[in-house]
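For reference, each letter of the sequence shown is one residue, going 1 to 340 in full-length UniProt numbering. Using N, Cα and C, we set each Cβ at its ideal position, and we do this for glycine too. Keep in mind that this is a model prediction, so the values were computed, not measured. Reading through the structure tokens given below for one structure.
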Amino acid sequence: MEMPPGSVRGSLGIEEEYRSTLPRQPDAEMEERTTHQQDLVSPVLHGGRTSAWVQLAMADYFDASAEASEMCRQLLRNIKSTQSNYRSMDTFLSSMAADDATTAGEPVARINPFRTTTRGSFRQIHDRYSGVLQSIRAGHRRVARELKVLRAVRRLSRTCLVVACSAAAAAAIGAAAHLLLFGLLIGPAAAAAGGLYPMALKRRTAAARKQSSSRSRTMSSLLRLQEQLDTAAKGTYVLGRDLDTVSHLVARLSDGIERENDMAWRCVGRAGETWPPAALQEVVGELRRSCSVSSRLAEELQDHVCLCLATIQKARVLLIQEINQPAIERESRASMWYPF
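Below you can see the structure in the form of structure tokens.
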């Protein structure tokens, strides 16, 4: 399913709207917002006349997005812990630069908070989103086929209606001509018989309009499902790409933390040995540069995680609004496709 040209502009709007606000929001507030949305999901899905397979696909989408939101909030907590660790590392490096190894050991013992949220966790959520996207796309193709069949039936029924009305009108004209010739002989019976043809025409027209109204409601329902699936597919696709980027950044940052911890322990071990001060300071300088790169990487990761949270919240809100859209608007859109 191709992304529309406006999706890029929309993603920039999301970034501008949320990049400056989400990092400042307390974790409890973000969790409360997601929980409130999750409470709205069940009534929204079961409140309308929606097929069971559509409800299942939408429920999987909302569950996966809630899981991704929780993972993003955990990543933000890990980033804060990492930033605190880097402040401790600065103190450690300053002590090593001052040739004071007595206080260097404690700040080195820092834990890598991303060890439990590396490739395994991201692979799991990525696989789940891939399954949700495949399910949504399969549903979209199914709805598209039903719409194609319904439009073909509409064109055929319109043709049949025109033919039937033309035949009835021709029969009525022929009957009227005969009644004019034999009107004096038949009298009132002719008038009564002549009225049968307009009545038959009215019955045919009423039946055709009733069938047309039923098809119009079906068309409206299918268009509604198609728009819901479009919205869910776009949100799933964009978030899947964002999570891939976050996964790569987390892996790089985690590897950097492990490498820096090893270097720091080497500095502590060699500080007490008869090691040339110049060699020790060279290792300290290399460690300082590595920590500076990783610190900037942590800030970049924070921006991407906040963007992921913004994408999740925006996509969920749009889908809930699409499902709750008033029936009048849906019927007006359906009438554009089905004028009867």
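Considering only their Cβ atoms, is the gap separating GLU260 from VAL287 smaller than 9 Å?
For the purposes of this step, residue 287 is identified with residue 287 of the sequence shown, where counting begins at 1. For the purposes of this step, residue 260 is identified with residue 260 of the sequence shown, where counting begins at 1. Note that residue 287 is Leu in the sequence shown here, rather than Val. Yes; because the gap between Cβ atoms is below 9 Å, this pair is in contact.
Look at ILE79 and LEU301 and say whether their C-beta atoms are less than 9 Å apart.
In the sequence shown, the residue the question calls residue 79 occupies position 79. In the sequence shown, the residue the question calls residue 301 occupies position 301. Taking 9 Å as the Cβ cut-off, ILE79 and LEU301 qualify as a contacting pair.
Using alpha carbons as the reference points, say which of ARG316, ASP90, VAL143 lies closest to SER221.
The residue you call residue 221 lines up with position 221 of the sequence shown. The residue with the shortest Cα to Cα distance from SER221 is VAL143.
Quick one: is LYS148 buried, meaning 16 or more other Cβ sit within 10 Å of its Cβ, or exposed?
The residue labelled residue 148 in the question sits at position 148 within the sequence shown. Exposed, since its Cβ has fewer than 16 Cβ neighbours within 10 Å.
Please determine, among SER216, ILE312, SER295, the residue with the shortest C-alpha to C-alpha distance to ASN85.
Here residue 85 refers to the residue found at position 85 of the sequence shown. Of SER216, ILE312, SER295, the residue nearest in Cα terms is SER295.
Between the alpha carbons of ILE125 and ALA64, how many angstroms are there, rounded?
On the sequence shown, residue 125 is found 125 positions in, with the first residue counted as 1. On the sequence shown, residue 64 is found 64 positions in, with the first residue counted as 1. Cα to Cα, the separation comes out at about 7 Å.
Using 10 angstroms around the beta-carbon of LEU156, count the other beta-carbons present and answer buried if the total reaches 16, otherwise exposed.
Here residue 156 corresponds to residue number 156 of the sequence shown, with the count starting at 1. Label assigned to LEU156: exposed.
Only counting the same chain, and skipping five residues up and downstream in sequence, which positions put a Cβ closer than 6 Å to that of ASP303?
Taking the first residue of the sequence shown as position 1, residue 303 is located at position 303. If we look at ASP303 and ignore the five residues flanking it on each side, it has no Cβ neighbours.
Using C-beta distances below 8 Å, list every residue in its chain close to ARG266, excluding the 5 sequence neighbours before and after it, in chain order.
Stepping through the sequence shown from its first residue, residue 266 is reached at position 266. Here the set comprises VAL283.
One question on the structure: do ARG316 and PHE122 come within less than 9 Å of each other, judged by their Cβ atoms?
Your numbering for residue 316 matches position 316 in the sequence shown. Your numbering for residue 122 matches position 122 in the sequence shown. No, the pair does not count as a contact, with Cβ atoms beyond the cut-off.
Contact defined as beta carbons within less than 8 Å: I believe LEU133 pairs with GLY240. What is the distance between those atoms, to the nearest angstrom?
Within the sequence shown, the letter at position 133 stands for residue 133. Within the sequence shown, the letter at position 240 stands for residue 240. Confirmed, about 7 Å.
Rounded to whole angstroms, what is the Cα-Cα separation between residue 348 and VAL250?
Because the chain is modelled from 1 through 340, residue 348 falls outside the range shown and cannot be assessed.
Please report the straight-line C-alpha distance between LEU225 and VAL153, rounded to a whole angstrom.
Here residue 225 is taken as the residue at index 225 of the sequence shown, counted from 1. Here residue 153 is taken as the residue at index 153 of the sequence shown, counted from 1. Using only the alpha carbons, I get a separation of about 19 Å.
Do VAL54 and LEU229 have their CB atoms nearer than 9 Å?
Stepping through the sequence shown from its first residue, residue 54 is reached at position 54. Stepping through the sequence shown from its first residue, residue 229 is reached at position 229. Yes, these two residues count as a Cβ contact at 9 Å.
Give the C-beta separation of ALA264 and GLY139 to the nearest angstrom, bearing in mind that I take them to be a contact with Cβ-Cβ under 8 Å.
The residue labelled residue 264 in the question sits at position 264 within the sequence shown. The residue labelled residue 139 in the question sits at position 139 within the sequence shown. In fact, because the Cβ distance is near 52 Å, the residues do not count as touching under 8 Å.
Please report the straight-line C-alpha distance between GLN321 and CYS72, rounded to a whole angstrom.
The sequence position of residue 321 within the sequence shown is 321, counting from 1. The sequence position of residue 72 within the sequence shown is 72, counting from 1. Straight-line Cα distance between these residues: approximately 24 Å.
Taking the straight line between their C-alpha atoms, what separation do you get for ALA232 and ASP60?
In the sequence shown, residue 232 corresponds to position 232, counting from 1. In the sequence shown, residue 60 corresponds to position 60, counting from 1. So the alpha carbons of these two residues sit roughly 11 Å apart.
Classify ILE257: buried if its beta carbon has 16 or more other beta carbons within 10 angstroms, exposed otherwise.
For this step, residue 257 is matched to residue 257 along the sequence shown. Buried, by the Cβ-count rule.
Could you give the DSSP three-state label for PHE114: helix, strand or coil?
What you label residue 114 is simply residue 114 of the sequence shown in a count that begins at 1. Coil at PHE114, not helix or strand.
Counting C-beta neighbours from all protein chains within 10 Å, is the total for residue 423 16 or more, i.e. buried, or is it exposed?
No answer is possible for residue 423: the residues shown for the chain start at 1 and end at 340.
Given a threshold of 16 other Cβ atoms within 10 Å of its Cβ, counted over all protein chains shown, does ALA52 qualify as buried or as exposed?
Counted from its first residue, the sequence shown places residue 52 at position 52. Under this definition ALA52 is an exposed residue.
Please list, in chain order, all residues of the same chain as ARG252 whose beta carbon is under 7 Å from its beta carbon, the five residues on each side excluded.
Numbered from its first residue, the sequence shown carries residue 252 at position 252. Within the same chain, ARG252 has close Cβ partners LEU297.
Would you decide whether SER292 is buried or exposed? Buried here means 16 or more other CB atoms lie within 10 Å of its CB.
If you number the sequence shown from 1, residue 292 lands on position 292. By the 10 Å Cβ count, SER292 comes out exposed.
Can you tell me whether DSSP reads PRO277 as helix, strand or coil?
Taking the sequence shown and counting its residues from 1, the one referred to as residue 277 is at position 277. Three-state result, PRO277: helix.
Between the alpha carbons of ARG141 and SER135, how many angstroms are there, rounded?
Residue mapping note: residue 141 aligns to position 141 of the sequence shown, counting from 1. Residue mapping note: residue 135 aligns to position 135 of the sequence shown, counting from 1. Going from the Cα of ARG141 to the Cα of SER135 covers about 10 Å.
Is the beta carbon of SER69 sitting closer than 9 Å to the one on GLN313?
Position 69 of the sequence shown holds residue 69. Position 313 of the sequence shown holds residue 313. In this structure, GLN313 lies closer than 9 Å to SER69 by Cβ.
Is there a Cβ from chain C that is less than 9 Å from the Cβ of ALA138?
Although the question refers to chain C, the structure presented lacks it and comprises just one protein chain.
Give the C-beta separation of THR159 and ASP242 to the nearest angstrom, bearing in mind that I take them to be a contact with Cβ-Cβ under 8 Å.
On the sequence shown, residue 159 is found 159 positions in, with the first residue counted as 1. On the sequence shown, residue 242 is found 242 positions in, with the first residue counted as 1. Contact flag wrong, Cβ pair sits at about 49 Å.
Nearest to ARG137 by CA position, among THR91, LEU150, SER88, LYS234, is which residue?
The residue given as residue 137 occupies position 137 in the sequence shown. The residue with the shortest Cα to Cα distance from ARG137 is LYS234.
For SER216, is the classification buried or exposed, using 16 other Cβ atoms within 10 angstroms of its Cβ as the cut-off for buried?
Residue 216 sits at position 216 when you count from the first residue of the sequence shown. Result: buried.
In angstroms with no decimal places, state the Cα-to-Cα distance between PRO277 and SER88.
In the sequence shown, counting from the first residue as 1, residue 277 sits at position 277. In the sequence shown, counting from the first residue as 1, residue 88 sits at position 88. Computed Cα separation, rounded: 22 Å.
Would you decide whether THR116 is buried or exposed? Buried here means 16 or more other CB atoms lie within 10 Å of its CB.
Here residue 116 refers to the residue found at position 116 when the sequence shown is read from its first residue. Exposed, by the Cβ-count rule.
With 16 as the cutoff for other CB atoms within 10 Å, does THR91 come out buried or exposed?
For the purposes of this step, residue 91 is identified with residue 91 of the sequence shown, where counting begins at 1. Burial call: exposed.
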